[in-house]
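Engineer:
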DNA sequence: GGTTACCCTTGGATCGATCCACGCCAGGAG
DNA sequence: CTCCTGGCGTGGATCGATCCAAGGGTAACC
């Protein structure tokens, strides 16, 4: 019975030092209400003195719970979506930490086809789950159809998605998403309040669920204000250059006084176009972006932009996760959160 | 002996199905060379059929190795440093994955004082280590003095740092860093090649190790080309506005034809100043940044910038980690990697 | 005095992989 | 014919925490 021989202390070590039994120490940690207050305190003191903390491997083995949440990181694309991921990741780690979970990152090397998810792509998930390395997953493919979540859910893999199952509204896995439509509605309201009437939309091509969702915020809210949308909409790729060209085209014929954009990237393009016609972004000629990226915050004047409530998303996801892991019925299967508007110099 | 009752298969399950003993299956996984090829193949087939993978908790408990690497995420600061972290994180996860490790994220809630690292701040690390949750740590406080690495190392915590121990060159923990000085030397060479002679420096205040390191690349290489540096240097906070003011001040009196900046943020400020004097960034009046941030890539014309080789940093760190964990003497205690130059429209 | 409740002890089993020490068998060498 | 070695089987112990069941004290109560 090596007491203070080598390595970190164990339950037995602590028990011996505190003059109680293993069981009592275990109870002190897991069911403190079973102990008499004075005993509890004594045990806790010894735990603190010895710097004991329970071996996670042993605990996991016995309880069949690793208290780890798996998150797959996609190969780095240096775009604004990634900057979002970073903010999200921070919040997520914090939220999970508060309820005693940690985040385990992994990466799937297998490339995926577009629609059909081959078994290979799920291999990473499957392996981690079979080896009991993680208790659940969070999937974050917000920017595509995100078929993985439903796929995993069908196989009884505990999973919560950041992003709606756009392509299958009947999917029954829990998800949390940001209400892009509501975000753009905020933008329109804000611009109308500033006196704008001819508000143009610069967005993505048809076919992007997220793009259409954001755009619907523009059309709906414009109509709600009895404002015209006809010929005021441009669609194209998500690039600075398209934003610039779209702004020129709209200014040539339609005389808009404000631009609501589907992304900061497009908004940066619109901004770029204005000086080329001797105008400047500001109250009179407004530009609003989406995502509140670093670029939006750094440029002068700052770009007004829709900010996703990623911190709240993380909190919601963790709540779902807790329900899921406790085998409680998850309160809400899907939930959308409203973004906010960061108002800066361009509006 | 529940064969295919519930839960994932275990060693015993596989052994029974393959008609061999537990030990043989274990050997098939950990010391395949001990098995006759035909036996090995048979066992592997059964493993594949049953979809077996060893329980990580059990393995960790027995071998005292979790195959997890701890990485602490600092509270989100939305600056360019964070964008770097993201790129680094991706590479790191990939590199660690290739050698059978995963990355575990955690966060320390305790605030830190400036110099003295209180025991509290290390609590997060310590707890994870005592509970045998991780085998080692990576610390990434590149942008400060980074006292934690040395501190942890002294306590025999396996740790590799991304970032030099600036304040204590004799620290003996392994580290990998990017050679900022060499990066700026690249910039100077590039600008000289483009015909520039009066190259200004826009950097940070004294006292920042990293700032001084980068600046030394400018002074050294300017002198190597027999070019003047006198009165061509501006120092201030890392903000767009300071960059702008510095550019104006330098243009007022010194007539520089190129600006080398300590960060993309400063460079964006310099860029901003040029149109205000009827000039435009480009070959004739060059601006170069540092970090190759998204903003540098997205703006028009694109900002030439120094790109940190984060992918290589990750690979090097993982190599150190392997040595460390194998109790091999770490090949190089510290190592710096040269950055590259992403040349774009502003130079 | 007996009952009840409360607090704690005791000793064991269990999770699943690995480590260890044998033991067994076949084939080739001596 | 024996010895030896490579390939594999067998049974048990081990890692450390938790689960389980039974039991021994003490104090308060009727």
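Chains as they are written, first to last, in our numbering: chain A, 580 to 926; chain B, 580 to 926. Yeah, the Cβ is synthetic: ideal placement off N, Cα and C, and Gly gets one too. No experiment lies behind these values; they were computed from the predicted model shown.
#1: Cβ closer than 8 angstroms: which chain A residues qualify as neighbours of residue 634 (chain B)?
#2: Flag residue 685 (chain B) as yes if its beta-carbon sits less than 9 angstroms from any beta-carbon of chain A, otherwise no.
#3: For a contact meaning CB atoms closer than 9 angstroms, what does residue 654 (chain A) contact in chain B?
#4: Spatial neighbours of residue 823 (chain A) within its chain, please: C-beta separation below 6 angstroms, excluding the five flanking residues on both sides.
#5: Rounded to a whole number of angstroms, what is the C-alpha to C-alpha distance between residue 711 (chain B) and residue 702 (chain B)?
#6: How about residue 625 (chain B): is its C-beta nearer than 9 angstroms to some C-beta of chain A?
#7: With 16 as the cutoff for other CB atoms within 10 Å, does residue 746 (chain A) come out buried or exposed?
#8: Checking the sheet assignment: what are the DSSP bridge partners for residue 683 (chain A)?
#9: Identify which residue in A:891, A:892 and A:875 has its Cα closest to the Cα of residue 885 (chain A).
#10: Going by C-alpha distance, which of A:673, A:839, A:788 and A:627 is nearest residue 813 (chain A)?
#11: Considering only their Cβ atoms, is the gap separating residue 681 (chain B) from residue 648 (chain B) smaller than 9 angstroms?
#12: Closest to residue 793 (chain B) by CA distance: which of B:668, B:773, B:763 and B:921 is it?
#13: Which word fits residue 868 (chain B), buried or exposed, when buried means at least 16 other C-beta atoms lie within 10 angstroms of its C-beta?
#14: What residue ranges within the region 800 to 843 of chain B form continuous alpha helix (DSSP H) runs of no fewer than 4 residues, ordered along the chain?
#15: Measure the CB-CB distance between residue 625 (chain B) and residue 644 (chain B) and report whether it falls below 9 angstroms.
#16: Work out the CA separation of residue 821 (chain A) and residue 855 (chain B) for me, nearest whole Å.
#17: Using a 10 Å radius around the Cβ and a threshold of 16 neighbouring Cβ atoms, would you call residue 861 (chain A) buried or exposed?
#18: Can you tell me the Cα-Cα spacing of residue 811 (chain A) and residue 776 (chain A), whole angstroms?
#19: Within 10 angstroms of the Cβ of residue 580 (chain B), are there 16 or more other Cβ atoms? Answer buried if so, exposed if not.
#20: Excluding the 5 residues flanking residue 784 (chain A) on each side, which residues of the same chain have their C-beta closer than 8 angstroms to its C-beta?
#21: Between which two residues does the alpha helix (DSSP H) carrying residue 703 (chain B) extend?
#22: Looking only at C-alpha atoms, which of B:731, B:922 and B:757 sits nearest to residue 706 (chain B)?
#23: Tell me where the alpha helix (DSSP H) around residue 782 (chain B) begins and ends.
#24: DSSP has residue 883 (chain B) in a bridge; who is on the other side?
#25: Can you pull the chain B neighbours of residue 706 (chain A), defined as C-beta to C-beta under 8 angstroms?
#26: Within 10 Å of its beta-carbon, does residue 670 (chain B) have 16 or more other beta-carbons around it, so buried, or fewer, so exposed?
#27: Check whether the region 611 to 627 of chain B touches the region 603 to 623 of chain A, counting contact only when three or more Cβ pairs, one atom from each stretch, lie closer than 8 angstroms.
#28: With 9 angstroms as the threshold, decide whether the Cβ of residue 622 (chain A) is near any Cβ in chain B.
#29: Between residue 739 (chain A) and residue 654 (chain A), what straight-line distance do the alpha-carbon atoms span, to the nearest angstrom?
#30: By a C-beta neighbour count over all protein chains shown, 10 Å radius and 16 as the cutoff for buried, is residue 802 (chain A) buried or exposed?
#31: Alpha carbon to alpha carbon, how far is residue 728 (chain B) from residue 686 (chain B)?
#32: Residue 916 (chain B) bridges to which residues according to DSSP?
#33: Could you pull out every residue in the same chain whose Cβ sits closer than 6 angstroms to the Cβ of residue 808 (chain B), ignoring the five residues on either side in sequence?
#34: How about residue 796 (chain B) and residue 760 (chain B): do their beta carbons lie closer than 9 angstroms?
#35: For residue 642 (chain A), which of A:713, A:599 and A:922 has the nearest alpha-carbon?
Structural biologist: For this structure:
#1: 640, 710 and 711
#2: yes
#3: What residue 654 (chain A) touches in chain B: 669 and 673.
#4: 848, 851 and 852
#5: 14 angstroms
#6: no
#7: exposed
#8: A:649 and B:683
#9: Among A:891, A:892 and A:875, the Cα nearest to that of residue 885 (chain A) is on A:875.
#10: A:839
#11: Cβ distance < 9 angstroms, so residue 648 (chain B) and residue 681 (chain B) count as in contact.
#12: B:763
#13: Answer is buried; the Cβ neighbour count reaches 16.
#14: 819 to 832
#15: No, the pair does not count as a contact, with Cβ atoms beyond the cut-off.
#16: 26 angstroms
#17: exposed
#18: 11 angstroms
#19: Confidence at residue 580 (chain B) is low in this model, with a pLDDT of 36, below 50, so its placement is unreliable and the value that follows should be read with caution. Result: exposed.
#20: 790, 814, 815 and 816
#21: Following the DSSP letters along the chain, one finds residue 703 (chain B) inside the alpha helix (DSSP H) bounded by residues 702 to 709.
#22: B:731
#23: Taken as a continuous stretch (DSSP letters only), residue 782 (chain B) belongs to no alpha helix (DSSP H), being part of the beta strand (DSSP E) at 778 to 783.
#24: B:867
#25: Those within 8 angstroms of residue 706 (chain A) in chain B are 632.
#26: buried
#27: no
#28: no
#29: 21 angstroms
#30: exposed
#31: 16 angstroms
#32: B:757
#33: 798 and 801
#34: yes
#35: Taking only the C-alpha atoms, the option nearest residue 642 (chain A) is A:713.
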